[in-house]
Amino acid sequence: VQKSYISYCILDIENLNYVLLEHVNYKHEQSNSFSIFLTSLINNNDILKASYSSISIAFSSFPSTIIPLELFEEKNKRKVLEFNTDNIGEIFTNTIFYHNAKIIYSVPKEITTIFNTFFPDAHYNCMQNVIIHQYSQYEKKGDHIYINVNKQHYSIVVFKNRKLIFTNQLQF
87 VQKSYISYCI
97 LDIENLNYVL
107 LEHVNYKHEQ
117 SNSFSIFLTS
127 LINNNDILKA
137 SYSSISIAFS
147 SFPSTIIPLE
157 LFEEKNKRKV
167 LEFNTDNIGE
177 IFTNTIFYHN
187 AKIIYSVPKE
197 ITTIFNTFFP
207 DAHYNCMQNV
217 IIHQYSQYEK
227 KGDHIYINVN
237 KQHYSIVVFK
247 NRKLIFTNQL
257 QF
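In short: position in the sequence shown from 1, add 86, done, that's our numbering.
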């Protein structure tokens, strides 16, 4: 989910293949807010309204920051995120496996309210965490940089001998 679109897929976990992948753009010139667009999309889509064994939602292009686990304190996550943005919504954290770090991110409350209503058992993740996790799976030694380009932003992830040393997401 991003402020300008939603993409979704269905993974058949028994056969490990995708049976559906769709992408729907939100046009900012529409008179409806993104929340109305999202609610309408879910309400009018039988695939999105169906029951699934698990649902995961990855948020992209929302404010986030990474902090080492040894410095992370739950009570300070808002303060840490405020170094990065003034636009704080509902705050979430995910562990960045293999790198002893947490990613702290914020999603507008009106968006999380919709997902909590339609998908109360969904697992939330920050797309930056998903990208870092995927690149961490590569068995490459030495220095490597990975760039993920999107319509509105790009992400840079740098590893030195499989250890995360830098990541950032920048808007175009």
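Yeah, the Cβ is synthetic: ideal placement off N, Cα and C, and Gly gets one too.
Spell out the partners DSSP gives residue i in its beta bridges.
i	result
residue 246	229, 249
residue 153	188
residue 94	108
residue 142	209
residue 256	240
Is the separation between the beta-carbon of residue i and that of residue j shorter than 8 Å?
i	j	result
residue 214	residue 241	yes
residue 197	residue 121	yes
residue 137	residue 87	no
residue 95	residue 106	yes
residue 217	residue 234	yes
residue 158	residue 188	yes
residue 170	residue 199	no
residue 180	residue 211	yes
Please state whether DSSP places residue i in a helix, a strand or coil.
i	result
residue 239	strand
residue 134	helix
residue 126	helix
residue 178	strand
residue 101	coil
residue 162	helix
Given this structure, state the Cα-to-Cα distance separating residue i from residue j, to the nearest angstrom.
i	j	result
residue 141	residue 134	10 Å
residue 130	residue 204	12 Å
residue 202	residue 208	8 Å
residue 226	residue 112	38 Å
Can a CB atom of chain C be found closer than 8 Å to the CB of residue i?
i	result
residue 254	The structure shown contains no chain C, having only a single protein chain.
For this session: Could you pull out every unbroken alpha helix (DSSP H) segment of at least 4 residues lying fully inside the stretch 187-226, listed in chain order?
Result: 195-204, 213-222
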